[in-house]
């Protein structure tokens, strides 16, 4: 009897030790995480300026008020928000299943795709309703099931990473917008049981991506928090011939925008339309003291003017992206917008979401199966939210309108456009500053916009290039005043607009 008691005590101690130091053996990580990764978070935004190993972080709750240094270097495998959120993407877990897409997948050289989208869509296939969508700008990242590795060469570039905690019933909504953006999926382990209930996810995974019509798609969603973020996703197909910044985002947001992105020799600031201007943010910028310039910042984003919209775009402001798929993720949040104002055919390379989860989510199943192109419609809009008490409202636009500011590279054809009152497209000048971290169009591959007016911040998967009018594209827009405020500050300087 005494021996059995001692055995039980030893067994309990080892069980506690293993669960404490090896969490991957127990609960699945399928949500966003706070600064040090210890607790779940409704959302997180990391802006890493060029040559900055840590970057600046915003998280839901108290962490939304100001940019804060990331808890560890982005190269660290533990100890910070995104390392923890990706814990069961880079290491196996019986319940966390996901689709990974990237136009430059890890360890796969010379892949040809018109998509520029990069991200991870994951879910807990166990009893918990837990899911997350990570949108980012890092090529070759993350490596599925092979350990955490942030590409060392990308430290010298500016990058943007956004995590949104969502409910599992929103996965198919997001998959719908990804289908029209035609991402390159490099990993998928979502089970058929999950795919079969999600027709869009199944078509995405199967490569059935083209929808026509519509040429553009808009979807709204929210995060899961009590004060959830409102997120809107905009996607456009390559057949739409739409330039995503002016033709999709300015029209959908109905405001002027300020744009941070590289630009070509064709597209310029455009202030022809009153209230619908497109103003280019001048380089460099400062992200809470971190300098960034267009030469080494690969992020593309916009902020609305006025309003609280902050959008991340997956294509730069180049004429060529009119012929390519593109996507923008827009957040409507005054706090995030304030921070930003201060300063898409995805390629899925990994998917291990079980069929049981796929089957109930048709759009997720289509996404994982590569059934991504929808036609019609040529554009799709979907709304969703994060899961927090103060959840974010997220709208996804896939192509196929407020004035806004645009941060993205640009080509020699597309410029700022202020011809239409209240519908301006203004290019943010390079460099910018992300809470003191400098970034420029030369080395920042992010593409984003903010609305003007309003609280919209959108991430776009194509630059402001003329060519993307003929390509699929996607924008994910967040309607949150706090997030909008952060990016609106980043985008305070714009090119002259005519």
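In this note's numbering, the protein residues as written are 3 to 500. Ideal Cβ positions, reconstructed from N, Cα and C, are used throughout, including at glycine.
Extent of the continuous alpha helix (DSSP H) run through residue 83: Translated into positions along the chain shown, residue 83 becomes position 81. Segment 83-87, the alpha helix (DSSP H) holding residue 83.
task: Below 8 angstroms CB to CB, which residues in the same chain sit around residue 469 once its five sequence neighbours on both sides are set aside?
output: Taking the first residue of the chain shown as 1, we reach residue 469 at position 467. Once the five neighbours on either side are set aside, the close Cβ partners of residue 469 are 320, 321, 322, 323, 324, 325, 326 and 413.
message: I need the boundaries of the beta strand (DSSP E) containing residue 439, first residue and last residue.
response: Taking the chain shown and counting its residues from 1, the one referred to as residue 439 is at position 437. For residue 439, the uninterrupted beta strand (DSSP E) segment begins and ends at 434-442.
query: residue 271 bridges to which residues according to DSSP?
result: As a working note, residue 271 is residue 269 in the chain shown. Residue pairing for residue 271: DSSP places it in no beta bridge.
field: CA-to-CA distance, residue 290 to residue 108, given in whole angstroms
entry: As a working note, residue 108 is residue 106 in the chain shown. As a working note, residue 290 is residue 288 in the chain shown. Distance between the alpha carbons of residue 108 and residue 290: 31 angstroms.
field: Cβ shell of residue 35 (< 6 angstroms), same chain only, five flanking positions each side left out
entry: To locate residue 35, count along the chain shown from 1; it is residue 33. Hits under 6 angstroms: 43, 83, 86 and 87.
- prompt: Going along the chain, which residues of its own chain have a beta-carbon closer than 7 angstroms to the beta-carbon of residue 169, five neighbours each way excluded?
  reply: Position 167 of the chain shown, counted from the first residue, corresponds to residue 169. Non-local C-beta neighbours of residue 169 in its own chain, meaning closer than 7 angstroms and more than five positions away in sequence, comprise 131, 133, 226 and 389, ordered along the chain.
- request: Taking all protein chains shown into account, decide if residue 55 is buried (16 or more other Cβ within 10 angstroms of its Cβ) or exposed.
  value: Within the chain shown, the letter at position 53 stands for residue 55. By the 10 Å Cβ count, residue 55 comes out exposed.
For residue 358, the three-state DSSP class (helix, strand or coil): Locating residue 358 in the chain shown gives position 356, counting from the first residue. Reduced to three states, the DSSP call for residue 358 is helix.
task: Following the continuous beta strand (DSSP E) through residue 449, name the residue where it begins and the one where it ends.
output: Here residue 449 refers to the residue found at position 447 of the chain shown. Residue 449 -> beta strand (DSSP E) spans 449-453.
Where the alpha helix (DSSP H) containing residue 484 begins and where it ends: Indexing the chain shown from 1 puts residue 484 at position 482. For residue 484, the enclosing alpha helix (DSSP H) begins and ends at 483-490.
query: For residue 35, which three-state DSSP category applies?
result: Numbered from its first residue, the chain shown carries residue 35 at position 33. Correct three-state label for residue 35: strand.
query: So does the segment 274-289 actually touch the segment 216-236, counting three or more Cβ pairs closer than 8 angstroms?
result: Flag = no, the segment 274-289 and the segment 216-236 do not touch.
query: Helix or strand or just coil, what does DSSP make of residue 205?
result: Here residue 205 is taken as the residue at index 203 of the chain shown, counted from 1. Residue state, collapsed to three classes: helix.
task: Can you check the segment 54-134 for any alpha helix (DSSP H) of at least 4 residues that lies completely inside it and give the ranges in chain order?
output: Runs found: 83-87 and 89-92.
- prompt: In or out: residue 148 buried (at least 16 other Cβ within 10 Å) or exposed?
  reply: Locating residue 148 in the chain shown gives position 146, counting from the first residue. The residue is exposed, with fewer than 16 neighbouring Cβ atoms inside 10 Å.
- request: Would you kindly work out how many angstroms separate the C-alpha atoms of residue 231 and residue 338, rounded to a whole number?
  value: Counted from its first residue, the chain shown places residue 231 at position 229. Counted from its first residue, the chain shown places residue 338 at position 336. Cα-Cα distance, rounded: 10 angstroms.
message: In chain order, what are the residue ranges of uninterrupted alpha helix (DSSP H) at least 4 long that sit wholly in the segment 293-344?
response: For the segment 293-344, the continuous alpha helix (DSSP H) assignments of 4+ residues that do not extend past its boundaries occur at 336-344, in sequence order.
- prompt: When the Cα atoms are used, what is the spatial distance from residue 270 to residue 285?
  reply: Numbered from its first residue, the chain shown carries residue 270 at position 268. Numbered from its first residue, the chain shown carries residue 285 at position 283. Answer to the nearest angstrom: the Cα atoms are 14 angstroms apart.
- prompt: Are the beta-carbon atoms belonging to residue 546 and residue 499 less than 7 angstroms from one another?
  reply: Nothing can be reported for residue 546, as the shown portion of the chain is limited to 3 through 500.
task: Run the CB neighbour count on residue 160, radius 10 Å, all protein chains shown included, and call it buried at 16 or more, exposed below.
output: In the chain shown, counting from the first residue as 1, residue 160 sits at position 158. Around the C-beta of residue 160, 16 or more other C-beta atoms lie within 10 Å, and the residue is accordingly described as buried.
- prompt: Is residue 222 near the ligand MN, going by C-beta to nearest heavy atom under 6 angstroms?
  reply: Absence of the ligand MN is noted for the structure shown, with no ligands found whatsoever.
- prompt: How is the beta strand (DSSP E) around residue 163 delimited, first residue to last?
  reply: In the chain shown, residue 163 corresponds to position 161, counting from 1. Start and end: 161-168.
task: Within the same chain, show all residues whose beta-carbon is closer than 7 angstroms to that of residue 79, passing over the 5 residues directly before and after it, in chain order.
output: In the chain shown, the residue the question calls residue 79 occupies position 77. So the list reads 85 and 150, once near-sequence residues are dropped.
- request: Take residue 228 and list the residues in its own chain whose beta-carbon comes closer than 8 angstroms to its own, dropping the five residues that flank it on each side.
  value: Within the chain shown, the letter at position 226 stands for residue 228. Around residue 228: 390, 391, 392 and 393.
query: Taking DSSP as the reference, what is the three-state secondary structure of residue 1?
result: For the chain, the structure presents residues 3 to 500; residue 1 sits outside this window and is missing.
task: Can you tell me which of the three DSSP states residue 255 falls into?
output: Counting from 1 along the chain shown, the entry for residue 255 is found at position 253. Helix, per DSSP.
Three-way DSSP call (helix, strand, coil) for residue 264 in this model: For this step, residue 264 is matched to residue 262 along the chain shown. Secondary structure at residue 264: strand, using DSSP grouped into helix, strand and coil.
Residue burial classification, residue 96 (beta-carbon count within 10 angstroms, cutoff 16): Translated into positions along the chain shown, residue 96 becomes position 94. So residue 96 counts as exposed.
- request: Have a look at the DSSP bridge pairing and note the partners of residue 499.
  value: Position 497 of the chain shown, counted from the start, is the residue given in the question as residue 499. In the DSSP assignment, residue 499 forms no beta bridge with any residue.
task: Taking all protein chains shown into account, decide if residue 238 is buried (16 or more other Cβ within 10 angstroms of its Cβ) or exposed.
output: Your numbering for residue 238 matches position 236 in the chain shown. The residue in question, residue 238, is buried, as its Cβ has 16 or more Cβ neighbours within 10 Å.
message: Would you call the segment 60-67 in contact with the segment 299-310, where contact means no fewer than 3 C-beta pairs closer than 8 angstroms?
response: With a cut-off of 8 angstroms, the segment 299-310 and the segment 60-67 do not count as touching, because too few Cβ pairs lie within range.
field: Coarse secondary structure for residue 280, derived from DSSP in three states
entry: Counting from one through the chain shown, the residue named residue 280 turns up at place 278. In the structure shown, residue 280 sits in a strand (DSSP, three-state: E or B).
field: Helix, strand or coil at residue 242 according to DSSP, with G and I counted as helix
entry: Mapped onto the chain shown, residue 242 falls at position 240. If DSSP states are grouped into helix, strand and coil, residue 242 belongs with the helices.
- prompt: Taking Cβ to Cβ, would you say residue 317 is nearer than 7 angstroms to residue 430?
  reply: Along the chain shown, read from residue 1 onward, the residue named residue 317 stands at position 315. Along the chain shown, read from residue 1 onward, the residue named residue 430 stands at position 428. Against a cut-off of 7 angstroms, the Cβ pair of residue 430 and residue 317 comes out as no contact.
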